[in-house]
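Numbering (this note's numbering), first residue to last: 104 to 243.
Positions of the beta carbon are idealized from the N, C-alpha and C atoms, including for glycine.
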Ligand code: SF4
Ligand code: SF4
């Protein structure tokens with residue numbers, strides 16, 4: 104029996120952009136976002152990233168640990184770099200350990216209202232997302 108993986112992001116939600124967690128970014132992510140802000144890679148890294156446990160992560164802001172690229176407020180928010188956002192964000196929630204794991208998918212549903220709604224996604228498509236997200240997997 105095919106596994107059902109329905110997902111559609113809820114407009115304005117941004118729950119996953121302002122909850123404690125980690126946003127791991129790849130070199131390609133950093134280069135792309137730095138170019139978008141017309142910053143050198145070095146300046147971008149100094150301003151927006153930190154190295155933790157061998158990973159490059161976005162520096163999250165304040166006690167709420169908001170992403171620095173999150174716009175709006177708790178009622179309605181948006182990603183200020185939507186078109187070029189990190190691969191970890193672009194592939195969410197189709198991450199290894201989540202989309203390929205019944206328990207992981209069920210757990211993630213508790214915090215992401217987009218899981219379980221919208222179109223069902225094919226296994227082929229999910230595998231492509233999982234492969235793309237793999238370099239940023241944090242073993243969660
Ligand atoms: S928590 Fe889920 S529904 Fe909300 S913004 Fe993130 S991906 Fe979209
Ligand atoms: S980069 Fe955009 S999508 Fe990713 S956590 Fe930040 S605001 Fe959310």
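Tell me the DSSP secondary structure of residue i in three-state form.
i	result
residue 229	helix
residue 243	Low confidence applies to residue 243: its pLDDT is 45, below 50, so where it sits in the model is not reliable enough to give any reading.
residue 170	coil
residue 145	helix
residue 126	coil
residue 108	coil
residue 248	In this structure the chain extends from 104 to 243, so residue 248 is not present and cannot be described.
residue 216	coil
residue 199	coil
Between residue i and residue j, which are expected to be in contact by the criterion C-beta below 8 Å, what is the C-beta distance as a whole number of angstroms?
i	j	result
residue 190	residue 239	6 Å
residue 161	residue 128	6 Å
residue 109	residue 204	That pair is no contact at about 16 Å.
So residue i is in the beta strand (DSSP E); what residue range does that whole segment cover?
i	result
residue 159	158 to 161
residue 153	152 to 155
residue 136	Element bounds for residue 136: not the beta strand (DSSP E) but the alpha helix (DSSP H), 130 to 139.
residue 192	Premise fails: residue 192 lies in the alpha helix (DSSP H), 190 to 194, not in any beta strand (DSSP E).
What residue range is occupied by the uninterrupted alpha helix (DSSP H) comprising residue i?
i	result
residue 256	Because the chain here runs from 104 to 243, residue 256 falls outside it and cannot be looked at.
Just mark residue i as buried or exposed, buried being the case when its beta carbon has 16 or more other beta carbons within 10 Å.
i	result
residue 132	buried
residue 232	buried
residue 201	buried
residue 228	exposed
residue 242	For residue 242, the predicted structure reports a pLDDT of 49, less than 50, and the residue's modelled location is therefore unreliable. The matter cannot be settled from this model.
residue 218	buried
Is residue i near ligand 3, going by C-beta to nearest heavy atom under 6 Å?
i	result
residue 217	Ligands present in the displayed structure are limited to ligand 1 and ligand 2, and ligand 3 is not among them.
Do we get a CB-CB distance below 7 Å when we pair residue i with the residues of chain D?
i	result
residue 147	The structure shown contains no chain D; it holds only a single protein chain.
Margin query: Is it the case that the segment 156 to 176 contacts the segment 116 to 131, given that we only count it when at least three CB pairs across the two stretches are under 8 Å?
Written below: Yes, the segment 116 to 131 touches the segment 156 to 176.
Item checked: Given 8 Å, three or more beta-carbon pairs between the segment 201 to 215 and the segment 134 to 147 -> No: fewer than three Cβ pairs fall under 8 Å.
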